[in-house]
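In the working numbering, the protein residues as written are 123 to 315.
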């Protein structure tokens, strides 16, 4: 499993962190040669950009507010990355966290459920390599990126709980528990006091 963290921050703290987790089917090998001639560099997805431009505020309950930010994922590997929507588990999941840096101490002050990817746009922005476009949005090609704006990253129909993902293997069973079953404007989103 590949998990990458990129911190985005303005001159004012706190820091916003985007995390992406590449989910795997049972028995799918991690990295290395997969036994197919010529395939030695697997797909590798990172969050290359976290942006608070156009961030969404989802309201407040008591002293707790909910937010979401925009992200851009990038396939820095050498092979296509499967990007099938739920109920498949062959797509990345993107989480958002909020951290405070004070006196050289980083403290987590907010966390969201993970947003399940559903369609890869395959754009050139945000990656260092050249992107070659695919036939459809079910793969993220090497060197290509996929943007999700703040509204999509906070859209509750795409959010699922982090505990459904096995942190050791990256596996989850497929269709996630719907965030829509939880009530309140801030439920499941990046929350902070």
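Heads up, the beta-carbon is just placed ideally off N, CA and C, and yes, glycines get one too. Everything numeric in this text was worked out from a predicted model, so none of it was measured.
Through-space distance from residue 279 to residue 154, alpha-carbon basis: As a working note, residue 154 is residue 32 in the chain shown. As a working note, residue 279 is residue 157 in the chain shown. Because the pLDDT of residue 154 is 39, which lies under 50, any placement of that residue in the model is unreliable, and the number read from its coordinates should be weighed accordingly. Between residue 154 and residue 279, the C-alpha separation is close to 34 Å.
C-beta atoms of residue 284 and residue 217 nearer than 8 Å: Against the chain shown, residue 284 aligns to sequence position 162. Against the chain shown, residue 217 aligns to sequence position 95. Yes, Cβ-Cβ distance for residue 284 and residue 217 is below 8 Å.
Bounding residues of the alpha helix (DSSP H) (the contiguous stretch that carries residue 276): Here residue 276 refers to the residue found at position 154 of the chain shown. Residues 272-276.
Euclidean distance between Cα positions of residue 313 and residue 189: Along the chain shown, read from residue 1 onward, the residue named residue 313 stands at position 191. Along the chain shown, read from residue 1 onward, the residue named residue 189 stands at position 67. If you take the alpha carbons of residue 313 and residue 189, they lie about 6 Å apart.
CA-to-CA distance, residue 291 to residue 149, given in whole angstroms: Here residue 149 is taken as the residue at index 27 of the chain shown, counted from 1. Here residue 291 is taken as the residue at index 169 of the chain shown, counted from 1. Caution is warranted here: a pLDDT of 42 is assigned to residue 149, below 50, making its placement in the model unreliable, and the coordinate value is therefore given only provisionally. Spanning the two alpha carbons is a distance of roughly 10 Å.
Any 3 or more C-beta pairs closer than 8 Å across the region 242-257 and the region 172-183: With a cut-off of 8 Å, the region 172-183 and the region 242-257 do not count as touching, because too few Cβ pairs lie within range.
The region 200-216 contacting the region 230-247, beta-carbon criterion three pairs below 8 Å: yes
Completely contained alpha helix (DSSP H) runs for the region 221-308, where each covers 4 or more residues: 272-276
Buried versus exposed call for residue 212 [16 or more other C-beta atoms within 10 Å across all chains shown]: Numbered from its first residue, the chain shown carries residue 212 at position 90. It is buried - the Cβ of residue 212 has at least 16 other Cβ atoms within 10 Å.
Coarse secondary structure for residue 205, derived from DSSP in three states: Against the chain shown, residue 205 aligns to sequence position 83. Coil at residue 205, not helix or strand.
Limits of the beta strand (DSSP E) - the one that residue 311 falls within: The residue labelled residue 311 in the question sits at position 189 within the chain shown. Unbroken run through residue 311: none, as it is neither H nor E.
8 Å Cβ cutoff met for residue 232 and residue 220: On the chain shown, residue 232 is found 110 positions in, with the first residue counted as 1. On the chain shown, residue 220 is found 98 positions in, with the first residue counted as 1. Yes, they are a contact pair.
Distance between beta carbons of residue 264 and residue 200, contact taken as under 8 Å: For the purposes of this step, residue 200 is taken as the residue at position 78 of the chain shown. For the purposes of this step, residue 264 is taken as the residue at position 142 of the chain shown. Going by Cβ atoms, the distance from residue 200 to residue 264 rounds to 6 Å, so yes, they are a contact pair.
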